[in-house]
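Novice: The structure follows.
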Amino acid sequence: MLTCVVCTLIFLQTDSSPQMTLAQLSKTANLVDANASEEDKIKAMMTQSNHDYDPIHYSKKALGPPPAHYTCFRCGKAGHYNRQCPMVQDKSVELPKPVRTSKGIPQSFMVKADPGDKGAMLTSTGEYAIPAIDAKAYAQGKKERPPFVPHDQSSSEDDTDPIPDELLCPICNDLMTDAVVIPCCGNSYCDDCIRTALLDSEEHICYTCKQSDVSPDNLIANKFLRQVMSSNNYILYYIILGLGQNIGLDFVPQYFFNYFLFFHLSSKSAQREWAEAKSL
């Protein structure tokens, strides 16, 4: 009988203690034995589970050392982030040309190379490599014409074929692939080149006009240039180019290209898209 009375007194004493508030429960590790309602315990459990993902814990600056394939866009070297570059104080130094990465190319198709080699790309491991097929072509080199052999102007073999500047990407100096227009200055680039340049810079700086906070999501597909760069259209351009050189009319290729670029797509929708792209 005495034992029952003692248990009753202990229960009444425990039950009469004030319940913990939700703020106190959020900081309590043992919610099972806490003096609170089940509803408050569930709310405290949900608050604790989301505590690590609270916006107050967000850090814009990256922590720890950069990955092996990360290169500073100011000096072009690895080992530090852009904000830690020793050249950040010197604004007069011209930014180096962005390094192309070997995205989408299997490692088995690559050959190790030095950073200064022609066509060198930066791999995910931080090393430089060249596609094996390109390395073989570079090793063969260009076949030179034997000395004292007169040059045949009417020959169909040309050392170099002039490529219009309108079709060259300002970053890789090669024919544009999936041409896009950047909204800040209206220039056209390869989709992969300009996206890589924007993402590699911490402040998303444009390669040409140096404007910051340019999101890669705002790039506009240059449908007009993409249609011009299609295989059939470009082959047609080079056919006219060869005909003009053979008959001695040097002005024909450029004149034809200007005509081809602006009036090949005679539909009003295509001309409207080109006008909108030029006005950006």
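Numbered according to mature numbering (1 follows the signal peptide of the UniProt record, and there is no 0), the sequence shown spans residues -16 to -1, 1 to 264. Ideal Cβ placement from N, Cα and C applies to all residues, glycine included.
Beta carbon of T55, beta carbon of V83: below 8 Å?
Specialist: Counting from one through the sequence shown, the residue named residue 55 turns up at place 71. Counting from one through the sequence shown, the residue named residue 83 turns up at place 99. Yes. Within cutoff.
Novice: What does a CB cutoff of less than 7 Å around T31 pick up in its chain, not counting 5 residues either side in sequence?
Specialist: For the purposes of this step, residue 31 is taken as the residue at position 47 of the sequence shown. Hits under 7 Å: S10.
Novice: What's the C-alpha gap between Q3 and L47?
Specialist: The residue given as residue 3 occupies position 19 in the sequence shown. The residue given as residue 47 occupies position 63 in the sequence shown. Distance between the alpha carbons of Q3 and L47: 41 Å.
Novice: For A181 versus L209, is the C-beta spacing smaller than 8 Å?
Specialist: The residue labelled residue 181 in the question sits at position 197 within the sequence shown. The residue labelled residue 209 in the question sits at position 225 within the sequence shown. Not closer than 8 Å, so no.
Novice: Considering only C-alpha positions, which residue in the set N202, I117, M94 is nearest to E111?
Specialist: In the sequence shown, the residue the question calls residue 111 occupies position 127. The option with the nearest alpha carbon to E111 is M94.
Novice: Taking the CB atoms as reference points, tell me whether I114 and A104 lie closer together than 8 Å.
Specialist: Residue numbering aside, residue 114 sits at position 130 when the sequence shown is read from its first letter. Residue numbering aside, residue 104 sits at position 120 when the sequence shown is read from its first letter. Yes, these two residues count as a Cβ contact at 8 Å.
Novice: Could you name each continuous alpha helix (DSSP H) segment of 4 residues or more that falls completely within the region 7 to 68, going from the start of the chain to the end?
Specialist: Those alpha helix (DSSP H) runs which fall completely within the region 7 to 68 and span 4+ residues are 22 to 33.
Novice: Do you know offhand how far F240's Cα is from G125's?
Specialist: Locating residue 240 in the sequence shown gives position 256, where the first residue counts as 1. Locating residue 125 in the sequence shown gives position 141, where the first residue counts as 1. With a pLDDT of only 48 at F240, under 50, the local geometry of the prediction cannot be trusted, and no value is derived from it.
Novice: Applying the criterion that 16 or more other CB atoms from any shown protein chain within 10 Å of the CB defines a buried residue, is Y42 buried or exposed?
Specialist: Here residue 42 is taken as the residue at index 58 of the sequence shown, counted from 1. By the 10 Å Cβ count, Y42 comes out exposed.
Novice: Helix, strand or coil: which one does DSSP assign to C174?
Specialist: One-based indexing of the sequence shown puts residue 174 at position 190. DSSP places C174 in strand when its eight states are reduced to three.
Novice: Give the straight-line distance between the Cα atoms of C193 and P39, rounded to the nearest whole angstrom.
Specialist: Along the sequence shown, read from residue 1 onward, the residue named residue 193 stands at position 209. Along the sequence shown, read from residue 1 onward, the residue named residue 39 stands at position 55. When rounded, the distance between both Cα atoms is 33 Å.
Novice: Below 8 Å between beta carbons: does that hold for L106 and H53?
Specialist: Here residue 106 corresponds to residue number 122 of the sequence shown, with the count starting at 1. Here residue 53 corresponds to residue number 69 of the sequence shown, with the count starting at 1. Yes. Within cutoff.
Novice: So the candidates are D118, C174, C169; which of them puts its Cα closest to the Cα of L152?
Specialist: Indexing the sequence shown from 1 puts residue 152 at position 168. When each option's Cα is compared against that of L152, the closest is C174.
Novice: Taking K87 as the reference, give the member of C177, C168, C190 with the closest Cα.
Specialist: Here residue 87 corresponds to residue number 103 of the sequence shown, with the count starting at 1. Ranking C177, C168, C190 by Cα distance to K87 puts C177 first.
Novice: Taking DSSP's pairing of strands, which residues face Y112 in a bridge?
Specialist: Looking up residue 112 in the sequence shown gives position 128. The partner list for Y112 (beta bridge, DSSP) reads L106.
Novice: On the CB-based measure, 16 or more other CB atoms within 10 Å of its CB, does S196 come out buried or exposed?
Specialist: Here residue 196 corresponds to residue number 212 of the sequence shown, with the count starting at 1. So S196 counts as exposed.
Novice: If you follow the alpha helix (DSSP H) that V212 is in, where does it begin and where does it stop?
Specialist: Position 228 of the sequence shown, counted from the first residue, corresponds to residue 212. Where V212 is concerned, the enclosing alpha helix (DSSP H) stretches over 207 to 212.
Novice: Going by DSSP, what residue range makes up the beta strand (DSSP E) through K96?
Specialist: Locating residue 96 in the sequence shown gives position 112, counting from the first residue. Note, K96: beta strand (DSSP E), 94 to 96.
Novice: In the DSSP assignment, find the unbroken beta strand (DSSP E) run with V165 in it and report its ends.
Specialist: As a position in the sequence shown, residue 165 is number 181, starting the count at 1. Taken as a continuous stretch (DSSP letters only), the beta strand (DSSP E) holding V165 covers 163 to 165.
Novice: Do you know offhand how far G100's Cα is from D118's?
Specialist: Mapped onto the sequence shown, residue 100 falls at position 116. Mapped onto the sequence shown, residue 118 falls at position 134. Whole-angstrom Cα-Cα distance: 15 Å.
Novice: Give the straight-line distance between the Cα atoms of N206 and V72, rounded to the nearest whole angstrom.
Specialist: By 1-based counting over the sequence shown, the position of residue 206 is 222. By 1-based counting over the sequence shown, the position of residue 72 is 88. Spanning the two alpha carbons is a distance of roughly 34 Å.
Novice: Going by beta carbon distance, what residues of the same chain come within less than 8 Å of P89, once the five residues before and after it are set aside?
Specialist: Within the sequence shown, the letter at position 105 stands for residue 89. In the sequence on display, residue 89 carries Ile and not Pro. Hits under 8 Å: M105, P115.
Novice: With DSSP run on the structure shown, which of helix, strand or coil describes L159?
Specialist: In the sequence shown, the residue the question calls residue 159 occupies position 175. In the structure shown, L159 sits in a strand (DSSP, three-state: E or B).
Novice: With a CB to CB cut of under 8 Å and the five nearest residues on each side skipped, what residues in its chain are close to P167?
Specialist: One-based indexing of the sequence shown puts residue 167 at position 183. Contacts found: V198, N202, L203, I204, L264.
Novice: Return the bridge partner residues of I204 from the DSSP annotation.
Specialist: For the purposes of this step, residue 204 is identified with residue 220 of the sequence shown, where counting begins at 1. DSSP output for I204 lists V165 as bridge partner(s).
Novice: With DSSP collapsed to three states, give me the class of T180.
Specialist: By one-based count along the sequence shown, residue 180 stands at place 196. The answer is helix: DSSP assigns T180 an H, G or I state.
Novice: Quick one: Cα of T5 to Cα of K25, how far?
Specialist: Mapped onto the sequence shown, residue 5 falls at position 21. Mapped onto the sequence shown, residue 25 falls at position 41. Spanning the two alpha carbons is a distance of roughly 10 Å.
Novice: With DSSP as the reference, please indicate the residues paired to Y85 in a beta bridge.
Specialist: Along the sequence shown, read from residue 1 onward, the residue named residue 85 stands at position 101. For clarity, residue 85 is Thr in the given sequence; the question names Tyr instead. DSSP lists L106 as partners of T85.
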